[in-house]
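This report concerns only the one structure given below.
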Amino acid sequence: MSHEFSPATRVVAAGRPPRVPGAPVGPAVTFTSTYVAGEAPAYGRFGNPTWTELEDALGELEGGRALSFASGMAAIAAALSLTPERATVVAPQHCYNGTGALLSQYAEQRGWQVRRAPIEDTSAYVQAMAGADVVWLESPTNPMLEIADLRALCDAARAHGAISVCDNTFATPLDQRPLESGADLVMHSVTKYLAGHSDLVLGAVVVGDDALHERLLAHRTLHGGIPGPMEAWLALRGLRTLHVRWDRACDNARVLAQRLATHPAVSRVRYPDRGAMIAIELGGDQAAAEALERAVEVWLPSTSLGGVESMLERRRRHPTEPPTVPADLVRLSVGIEDVEDLWRDLDAALRRSRACAPAT
Ligand SMILES: *Cc1c(COP(=O)(O)O)cnc(C)c1O
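Residue numbers for the sequence shown follow my numbering, beginning at 7 and rising by one.
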């Protein structure tokens, strides 16, 4: 599809079957373990037309070639498979905790050197790149919502001879296209905004380089972290409305962040005005944050994000979240509900939870 079209049009139009009279306008779900011999893909682990349609759409949105995986973590593992045996990796001090946990495991089991640095501090991050094989990027970060200067960091990674990988889950290609900023790989937890309905787990990587695409495809084929065809179909179905979901969720988040900033039960609001994620600190220890999780009625106390339904979670409930994430930090994934209903529910729950906070 022509690159003149805006992302709002592309999310709807990309990855359609060929326009042949009488053909369906959307893809079929291909449930098969194998194919009649003689032509690719030959076997169900090697390829599936339903993946291809999703990958065509994702590739077009990010400006590269996409490969889908069983989950975001499978996509992360694939990206990290591009490293030499004893890799040196620079990763954000705060990033998705699964990424951090996997890197820690590789450090322990494979002797990787993992350097964690504050990604919002460009010169500190660049300083950590000496001798690095991989520079991991995430912006905004999960759950602290720090913002990275992607262009500067990708340029520096290239100058250091390192591969740069950007987890674009929180931003989506509607907010930033890391390949255009110089990243070698973009990685997505499609589970979140792209699919958008909290009904599946799926991941993807997008690359600009054909040789990298080949290596990642070989990894997927051999390690077998393939998506199910139904998940791929649902993800593409969800992607079709990304633009309207994203706009509405971002509008809601802007209103809520503004009001939270003066709420008596909230001591700090982290909101970069890039997307629909907000992190709030309630002051004191974890009791008020836990009370908030119990007190909400419309908001769901759940550990995911990017769905149509608003969710919140005290992040330090996960032992893999580093201690630099405040114990009273609650991450809000703002959905597409009526913003006044979201505010009423959150405001009432915050006032109730405040009663549980220790007196200071
Ligand atoms: C959820 C998430 C992942 C992991 O994706 P899964 O689909 O859960 O495997 C990676 N990065 C970020 C930023 C995420 O939010």
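Quick reminder that beta carbons are idealized off the backbone N, C-alpha and C, glycines included.
Worksheet entry | Length of the line joining the Cα atoms of S39 and L191 | Within the sequence shown, the letter at position 33 stands for residue 39. Within the sequence shown, the letter at position 185 stands for residue 191. Going by the C-alpha atoms only, they are around 29 Å apart.
Fill in: Cβ contact check for the region 26 to 37 and the region 232 to 240: 3 or more pairs under 8 Å
yes
Worksheet item: How about A97: is its C-beta nearer than 8 Å to some C-beta of chain D?
Response: Protein chains in the displayed structure number just one, and chain D is not present.
Practice prompt. Reducing DSSP to helix, strand and coil, say where A72 ends up.
Written response: By 1-based counting over the sequence shown, the position of residue 72 is 66. A72 falls in the strand class under three-state DSSP.
Worksheet item: Are the CB atoms of A84 and F75 nearer to each other than 8 Å?
Response: By 1-based counting over the sequence shown, the position of residue 84 is 78. By 1-based counting over the sequence shown, the position of residue 75 is 69. A contact, by the Cβ cut-off of 8 Å.
Discussion item. For the beta strand (DSSP E) containing L208, name the first residue and the last one.
Written reply: As a working note, residue 208 is residue 202 in the sequence shown. Per DSSP, L208 belongs to no beta strand (DSSP E) and is neither H nor E.
Worksheet item: Buried or exposed: which applies to S339, given that a residue is buried once 16 or more other Cβ atoms fall within 10 Å of its Cβ?
Response: Your numbering for residue 339 matches position 333 in the sequence shown. Flag for S339 reads buried.
Item to complete: Tell me the start and end of each unbroken beta strand (DSSP E) in the region 243 to 286 that is at least 3 residues and wholly inside, in chain order.
Response: 274 to 276
Worksheet item: Given a threshold of 16 other Cβ atoms within 10 Å of its Cβ, counted over all protein chains shown, does L228 qualify as buried or as exposed?
Response: What you label residue 228 is simply residue 222 of the sequence shown in a count that begins at 1. Under this definition L228 is an exposed residue.
Item to complete: Determine the contact status of G106 and T326, defining contact as a CB-CB distance below 8 Å.
Response: Walking along the sequence shown from the start, residue 106 turns up at place 100. Walking along the sequence shown from the start, residue 326 turns up at place 320. A contact, by the Cβ cut-off of 8 Å.
Practice prompt. Using a threshold of 8 Å, state whether the C-beta atoms of W142 and P98 are closer than that.
Written response: Position 136 of the sequence shown, counted from the first residue, corresponds to residue 142. Position 92 of the sequence shown, counted from the first residue, corresponds to residue 98. Yes.
Discussion item. Quick check on this structure: which residue in R360, L180, H249 has the alpha carbon closest to the alpha carbon of E296?
Written reply: By one-based count along the sequence shown, residue 296 stands at place 290. Selected option, being the one with the closest Cα: R360.
Practice prompt. Report back the beta-carbon spacing between A168 and M135 to the nearest angstrom; my notes put them in contact at under 8 Å.
Written response: Along the sequence shown, one-based indexing puts residue 168 at 162. Along the sequence shown, one-based indexing puts residue 135 at 129. Between M135 and A168 the Cβ distance is about 6 Å, and since that is below 8 Å, they are a contact.
Item to complete: Please name the residue, chosen from H203, G188, D279, E186, that lies closest to G313 on a Cα-to-Cα basis.
Response: Taking the sequence shown and counting its residues from 1, one reaches residue 313 at position 307. The shortest Cα separation from G313 among H203, G188, D279, E186 belongs to H203.
Worksheet item: With distances taken from CA atoms, which of L311, R320, C101, V207 is nearest R300?
Response: Residue mapping note: residue 300 aligns to position 294 of the sequence shown, counting from 1. The residue with the shortest Cα to Cα distance from R300 is R320.
Discussion item. Does the distance between the C-beta of T178 and the nearest non-hydrogen atom of ligand 1 fall short of 7 Å?
Written reply: Here the question's residue 178 lines up with position 172 in the sequence shown. For ligand 1, not one heavy atom lies less than 7 Å from the Cβ of T178.
Fill in: Unbroken beta strand (DSSP E) run spanning C101, endpoints
Taking the sequence shown and counting its residues from 1, the one referred to as residue 101 is at position 95. First-last for C101: undefined, no H or E at that position.
Fill in: Sufficient close CB pairs (3 or more, under 8 Å) joining the region 39 to 57 to the region 168 to 179
no
Worksheet item: Whose C-alpha, out of P27, R323, L298, R322, is nearest the C-alpha of D351?
Response: In the sequence shown, the residue the question calls residue 351 occupies position 345. Of the candidates P27, R323, L298, R322, the one whose C-alpha sits nearest the C-alpha of D351 is L298.
Practice prompt. State the CB to CB distance for the pair G21 and L73, rounded to an integer number of angstroms; the pair is presumed to be in contact (CB under 8 Å).
Written response: Your numbering for residue 21 matches position 15 in the sequence shown. Your numbering for residue 73 matches position 67 in the sequence shown. Not a contact, Cβ separation roughly 14 Å.
Worksheet entry | Chain-order list of residues whose beta-carbon lies under 7 Å from that of R221 (same chain, five-residue window excluded) | In the sequence shown, the residue the question calls residue 221 occupies position 215. Excluding residues within five positions, the ones whose Cβ falls inside 7 Å are L88.
Worksheet item: Closest by CA to E412, which one among K198, D127, V212, V31?
Response: Outside the displayed span of the chain (7 to 366) sits residue 412, for which this structure offers no information.
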